[in-house]
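Right, one structure below, let's go through it.
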Amino acid sequence: MNKPKMATEKGVPSNSRVLMLLSQLERMNGDAMLADADMARQVTSKILHLIQTQEKTRKEVMSKGSSGMEVILASLENTRDLQTILNILYILNELLTVGGGRRVGVFVSKGGTGVLLQLVLSASKDTPPSEELLLQLHSLLAKVGPKDRKLGVKARLNGALNVTVTLLKQNLQNNKLLLPCLQVLRVYSANSVNAISLGKNGVVDLMFKIIGPYSKKNTTLLKVSLDTLGAMLKSKTNARRAVDRGHVPVLLAVYQDWHRNDTRHRHMLIRKGLLTCLKNVTNIKLGRKAFVEADGMRVLYNTSTECLPVRTLDPLVNTSSLIMRKCFPKNRLPLPTIKSVYQHLLPHLSAGGPVAQLYSQPPGGACRKQVYVKPSRVDDVVDESDDNEEAEGDTENDTENEEDEKDHNAANDDIETDLNKLRPRENPRRPFDELRVYERFFLELSEDFQGFNFETQKTGLTGTQASNKTQRPIILPTAQALPPKRPIPARAESHLAKGEHASSPAPPPPLELDSILISKDQDRPPGHAPRPTPGAGLEQELADKMERVSLEGAGPPSGAGGLGEAAAGRQVQPPLLAGGVAGGVASWRAAGGGVGVEGLGEEGPEEEGAVLEVPDTALLLPLHDPDLYVEMVKSTSSVPRFSEVAYPDYFGHVAPTFREPILERVYGVQRSKIFQDIERMIHPNDILDKVVYDLDVPSCPVLDDGESLKFNSQFESGNLRKAIQVRKFEYDLVLNSDINSNHYHQWFYFEVSGMRVGTPYRFNIINCEKSNSQFNYGMQVLMYSVQEAISGRPRWVRTGTDICYYKNHFSRSSLAAGGQKGRSYYTTTFSTAFSHRDDVCYFAYHYPYTYSTLKMHLAKLEALRTPQIYLRQDVLCDTLGGNPCPLLTITAMPESTSNEHICQLRNRPLVFLSSRVHPGETNASWVMKGTLEFLMGTSPQAHSLRESYIFKIVPMLNPDGVINGNHRCSLSGEDLNRQWQSPVPDLHPTIYHTKSLLQYLAAIQRAPLVFCDYHGHSRKKNVFMYGCSVKETVWQSNINATSCDLHEDMGYRTLPKILSQTAPAFSMASCSFVVERSKEATARVVVWREIGVQRSYTMESTLCGCDQGKYKGLQIGTRELEEMGAQFCVALLRLKRLTSPLELRHHPHLLDVEGDLIETRVKVASSPTTYVLEEDEPAFLEEVDYSAESNDEDPDNDPDNDPQDSLVRSEANQRDSLT
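Take the sequence shown: its letter number 503 is residue 503 in this note's numbering, and every next letter is one higher.
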């Protein structure tokens, strides 16, 4: 070894005594040290004395710039004298005991661990070996080992590992030497190869000779032994060895003994060490089996229950909970098959499509359109393999599993790096002759408006009109089993009941959503709100004016718009049609209320009194009409052929006037729920396990014993497959998968009745699939009470306590988990108490918005049309289920039929909007409702907006999925937002024809100025946008690109920036403009890349609430969602001004809007016609904060929507994220 030259730090006196001694020691290195051992002993002894007695001496040796450590290590390496070696080891021990990790880091960086390991090997060869030397060497190794990640490899390669093991075996009774040996083995065991080697050498068995029952002696030794054993048991080989030797019962017995005797909780670390060993050994299947056979579930459950009152023992409780959850026997879902109860025959199957994987045999019976399957291909199986074990965190922070963290860490891998794919392809691939058929949907571009007929017949590409569809019987909600809360006075037979037409009052003024909040700084716009907010007095007035609805009426419902009804009340036409109702659904369930359609066709005394109180909410809900809704339901086709109408959809929803804050999570709620689940295994006799609702058994009786709730989900958008009563007031609920699929369980909407007032009921939805949910962060479920509705408060309210979301013991097959093994389902659990007797309540994941509701709203909007509004509703196509997909065109009528005015209309830029491609994202429909109401409003802003743009709107891209209660797919069993690249007209008609409309516009050089697809996001808060940018994608991925490649108009950021200034719920920080590979088939990317729309967006609305702005800390409601839709329109007005400043002379109202906005300077970007906000173009790359969509779902879900595809998150977004 080269002799180091002694150096001193500036400021340290050169005549320092310790430095002089180190210089002398430096000169002795080499042959001189071997020749003059006495002098070496004296020098090192003096240095040791100085270091022990003077703190400044230690600082001088370890100061920055000093070479004292090199000199000491060189001397240690060169000397052969035992006392000199011991002196130097004592010196090192003194130096490294204080000073923290920096001094140890210096020691490791100078090669100190290698020198120590070599001395261990040399000392072992001495006869006899020096115990003191080995003790000091191991003490130092234990101290510095954690700082050297390669220590275990070094020890194994030079043989020091075996020396330590031999020393351990020979000194089991010598605690003085045993402790440092165990400390070193703990460090060595961090290396998996070392851990296996130690196991083969019998060290695992040796640890069980050291571990023993409760004792106040040698607790430090026991703690280190447990840490060492825990590290070794991470190896599956060692875990199997421990199981084979019967050590699992030993660990449980020792843990019980320490728990029983450590009454003052002074040895929690020992108890935690025992649990860590159990946790590691139960990572393998044999370990879990041995744990259960040793009654480990009961032992840990009882000990954990006793620890719960002591908050400081939470680490023990959490680790015990983790072990019990892991060892809880895996079960398959209590279903005959995990595929959907309902199947729909497709025109053809793609060879590699998801449905082809599910179904491999020809269809069976025709009554339910069912295709029989091979259970081994689609059913859940109990997978207890040791592969891909999901990592568990602390129970209270059990959020993401290991796969999600890996996706998060590797998020950049999903960013598109192929510049060819990032360059938009504006030329349509399809020949124009093929696209010419779509010209019929753009009559406004060719109409001369001479004698224009506003009642133009609706047209479509395929299928027939909804009005021509075969209608079927519908069961209306009645008060048959829902007695009114007060006597209903009899009234005379109305004129309408006799078939006469009564004069109707003028329709109520439409809701003006265009007079909305402009600035975030205002708490409430003066005199304006997105929706009227009725107070208690108005609710009482509604209750006082409730009327009875006769199901015996003969007259048709009032006009198509539903505006001809009397304000005092209404009558519902009996929905009796030919064909009757399928058996088994002839009547509503006892407390669910309703009469059979067949019964309605007979004159009987029981049916004459079938009445229902309907709150008159015309003033509050100008777009809702129960009679009209029923008419729309009749023409809606569903796979299950629903024949019932849900109360909430019939009555409507009035947004509550009170705030609904994000729920503060109760500490320990998740843990307590898990313990209640574990009780099922420990005390099985307390479990009822009674099936009370089952769609798989059509003849399943409805229990009316007064001891069970009654459930129902057989209505439009309903989703509940099975309900099992597990305890008197607790129910396990199983959701139905999407039709022609075996997964996607998230959306739920079901009815409950037969409840007891004031009794807390617990509901567990046990087959959720996402690894995390906003239910863990303050989101509540929604409940609708019929008793509240008929009392004048028809509304969905957030409800539920003790809400949490956690992994359960139901196993998912690899097919249902996207090929991943060892995955489990998750449970959404919540508790609620009911306030009314004889009530019927509905629960939903989010505010329901059915396809029939959309049709009703469109009909009512059409009735609001004025001569100044151009509104045309076409049928774009028919869906696979035979339901029309509406296409709306909205703009302003030309001021006259002059060429100038007609040309002005034709030259208006187009805005293309779509929504609800994912059925479970009902919030997207509420945002779209706000947009439509603003566009049809009478305010100056709405008029200016119509004069500025031509709007093409597809308000519901997936009607079939919405109707049938799907969460993500259409009847093809596929996510339609993954089909935009190559949609198949027979399987994805709505996507195919919507894309064709855009291709037609591109072909005639009229590509939209803005394309926006409305979505909902289940795992992030606020409202935000995803867009597309070459520059930001390249910057995020760090790929090489020329300045020409990065030349891009920054105007795509303008609209989100405007929204961040005007819309209270919108968050610019959550927006992303990065293009990812996994999103290449989504709407926004395809429209940007193939149609050439620069401002192509996905607008995501939270399902939970906001953590910034005016609505910070509040759960989002329909009022805020509709406001967001209206604010989007206001932002388009601002965009119009920024892109075409000269338009202001034609639209003076734009100035009014601009005056209310936050003042922001703008500058011209690369395009002379595009203005962007000053801060949109960052000056330096390192200042940019770019991020992509949230890592939200499993691979089969869509991050443009809430999905698990990889996502790039910035630090700012991480602060806003769930984890």
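Yeah, the Cβ is synthetic: ideal placement off N, Cα and C, and Gly gets one too.
What three-state label does DSSP hand residue i in the structure shown?
| i | result |
| --- | --- |
| SER914 | strand |
| LYS690 | strand |
| GLN725 | strand |
| ILE1224 | Because the chain spans 1 through 1219 in this model, residue 1224 falls outside it and cannot be assessed. |
| GLY937 | coil |
| GLY1105 | strand |
| SER66 | coil |
| ILE85 | helix |
| LEU222 | helix |
| LYS150 | coil |
Is the beta carbon of residue i less than 8 Å from the beta carbon of residue j?
| i | j | result |
| --- | --- | --- |
| VAL120 | ALA160 | yes |
| GLY778 | GLU664 | yes |
| ASN923 | HIS846 | yes |
| ILE963 | GLU716 | yes |
| LEU880 | THR994 | no |
| LEU86 | LEU141 | no |
| GLY961 | PRO919 | yes |
| LEU720 | PHE748 | yes |
| HIS1017 | THR1102 | yes |
| ILE991 | LEU976 | yes |
I'd like the span of the alpha helix (DSSP H) that includes residue i, first residue to last.
| i | result |
| --- | --- |
| GLY881 | No alpha helix (DSSP H) holds GLY881; DSSP gives it neither H nor E. |
| VAL299 | 296 to 307 |
| TYR647 | 647 to 651 |
| PRO180 | 175 to 188 |
| LYS289 | 285 to 293 |
| PRO760 | Careful: PRO760 lies outside any alpha helix (DSSP H), inside the beta strand (DSSP E) at 760 to 768. |
| ASN776 | Taken as a continuous stretch (DSSP letters only), ASN776 belongs to no alpha helix (DSSP H), as it is neither H nor E. |
| GLU60 | 55 to 62 |
Which residues in the same chain as residue i place their Cβ atom closer than 6 Å to its Cβ, once the five residues preceding and following it in sequence are excluded?
| i | result |
| --- | --- |
| TYR693 | PHE711, ALA723 |
| PHE1066 | VAL1023, LEU1059, SER1060 |
| PRO510 | Note that PRO510 scores a pLDDT of 36, beneath 50, so its modelled location is shaky and nothing firm can be said. |
| LEU945 | CYS1129, LEU1133 |
| VAL104 | LEU96, VAL144, LYS147 |
| ASP732 | ILE724, VAL726, ASN764, ILE766 |
| LEU50 | VAL18, THR57 |
Within a Cβ cutoff of 8 Å, which residues of the same chain sit near residue i, ignoring the five residues on either side of it in sequence?
| i | result |
| --- | --- |
| ILE687 | ARG680, VAL726, ARG727 |
| VAL254 | ILE211, GLY212, PRO213, LEU274 |
| LEU89 | LEU76, LEU133, GLN136, LEU137, LEU140 |
| LEU435 | PRO428, SER996, GLN999, TYR1000, ALA1003 |
Taking just the CA atoms, how far does residue j sit from residue i?
| i | j | result |
| --- | --- | --- |
| GLN999 | TYR1026 | 22 Å |
| LEU1133 | VAL911 | 12 Å |
| THR164 | LEU221 | 16 Å |
| GLN1005 | VAL1093 | 11 Å |
| SER235 | ARG241 | 10 Å |
| LYS326 | THR282 | 8 Å |
| HIS344 | VAL702 | 27 Å |
| ARG264 | PRO315 | 16 Å |
| GLY937 | ALA892 | 12 Å |
| ASN907 | ILE869 | 17 Å |
| LEU628 | ALA859 | 9 Å |
| GLY1221 | THR799 | Nothing in the structure corresponds to residue 1221, since the chain is present only between 1 and 1219. |
| MET1068 | ARG311 | 40 Å |
Distance cutoff 8 Å, beta carbons only. Does residue i sit that close to anything in chain B?
| i | result |
| --- | --- |
| LYS59 | Of the chains in the structure shown, none is chain B; there is only one protein chain. |
Given residue i, which residues of its chain have a CB within under 7 Å of its CB, disregarding the five upstream and five downstream residues?
| i | result |
| --- | --- |
| GLN52 | GLU94 |
| VAL153 | ASN191 |
Kindly indicate the opening and closing residues of the beta strand (DSSP E) around residue i.
| i | result |
| --- | --- |
| CYS804 | 801 to 811 |
| ASN899 | No beta strand (DSSP E) holds ASN899; the alpha helix (DSSP H) holding it covers 899 to 906. |
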